[in-house]
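**Q** Pasting a structure below so you can have a look.
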Amino acid sequence: KELSRIESQFDYNIDNRIIFVVYNKLSDFRQSNVGLVTGKNETNIGGTFQIDRNKAFLYFEGDFEKLEQQITAAISRILINEMIYGLQFRDNAANSTLINLPEWYVDGLVSFLSKDWDLETENKVKDGVLSGKYKKFSRLVGDDAKYAGHSFWRYISQVYGESVIPSILYLTKVNKNANSGFFYVVGSPLKDLSAEWFYYYTDL
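Set out below in structure tokens:
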């Protein structure tokens with residue numbers, strides 16, 4: 700159901716089937732050798748489950764709602780990776796010709812697609828904005844990048860409409876540049892958009 704919804708939302712069909720490997724609990728997942736064979740360690744919005752090409756390694760926390768969120772996040776990340784990087788991503792994710800995107804871009808979009816705007820997210824964003832931590836937007840990493848990115852894509856969705864997001868990704872891929880994707884779709888460079896986004900959330 701989520702695969703169909705996300706593919707429809709982006710007007711893009713994932714080429715290969717997604718393989719889900721689900722562990723009974725987090726400790727089983729951590730004891731596995733996931734990521735050791737390829738050396739990749741692409742984490743999702745929760746910072747723990749992993750994606751390796753079209754395979755998603757998940758774990759059950761005793762909460763089906765959280766498991767569904769992991770599934771949605773995994774589908775979103777695989778689809779975004781394919782849309783931006785194409786099939787070459789599967790073969791050589793370290794390829795120097797791939798687009799170098801800031802951490803907030805993909806992590807934030809995955810979070811936006813898989814998690815509702817809730818009190819926890821709002822408080823994290825409010826703290827990041829009011830403390831000034833989010834001013835250096837492009838340098839954010841980890842949870843800061845995830846929450847700031849989530850709020851940024853939410854801002855784009857609310858101001859310009861969610862339908863512009865697939866076009867932004869497509870033009871990011873074509874021009875190999877995140878700024879171009881935003882400029883050609885919404886008419887403003889990323890620098891101006893990030894300033895508008897920052898002041899938008901200052902009044903939360």
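Residue numbers (the working numbering): 700 to 903.
All C-beta atoms in this analysis are idealised placements derived from N, C-alpha and C, irrespective of residue type, glycine included.
Just so it is clear, the structure is predicted and the values come from calculations on it, not from any experiment.
Three Cβ pairs or more, each shorter than 8 Å: is that satisfied between the stretch 771-785 and the stretch 820-834?
**A** Result no; under three Cβ-Cβ pairs closer than 8 Å.
**Q** If you draw a straight line from the C-alpha of Asn874 to the C-alpha of Tyr883, how long is it?
**A** 10 Å
**Q** Touching or not, the stretch 807-819 and the stretch 839-851, by the rule of three or more beta carbon pairs under 8 Å?
**A** yes
**Q** Among Tyr722, Lys814, Lys754 and Asn876, whose alpha-carbon lies nearest the alpha-carbon of Asp714?
**A** Lys754
**Q** Determine the DSSP secondary structure at Phe882, reduced to helix, strand or coil.
**A** helix
**Q** In whole angstroms, what separates the C-alpha of Val858 from that of Tyr898?
**A** 13 Å
**Q** Is the distance from the Cβ of Gly880 to the Cβ of Leu870 below 8 Å?
**A** Yes; because the gap between Cβ atoms is below 8 Å, this pair is in contact.
**Q** Given a cut-off of 8 Å, decide if Ala844 and Trp896 are closer than it, judged by their beta-carbon atoms.
**A** no
**Q** Is it buried or exposed, Asp891, if we count other Cβ atoms within 10 angstroms and call 16 or more buried?
**A** exposed
**Q** Cutting at 6 Å between CB atoms, please list the residues of its own chain near Leu702, excluding the five before and the five after it.
**A** Around Leu702: Ile774.
**Q** From the DSSP output, which residues share a beta bridge with Lys754?
**A** Ile718 and Asp751
**Q** Return no unless some Cβ of chain D is closer than 8 Å to the Cβ of Lys814.
**A** The chain inventory of the structure shown lacks chain D, comprising one protein chain alone.
**Q** To the nearest angstrom, how far is the alpha carbon of Thr820 from that of Gly841?
**A** 14 Å
**Q** Can you check whether the CB of Phe756 is closer than 8 Å to the CB of Phe728?
**A** yes
**Q** With distances taken between CB atoms, is the gap from Gln768 to Lys814 smaller than 8 Å?
**A** yes
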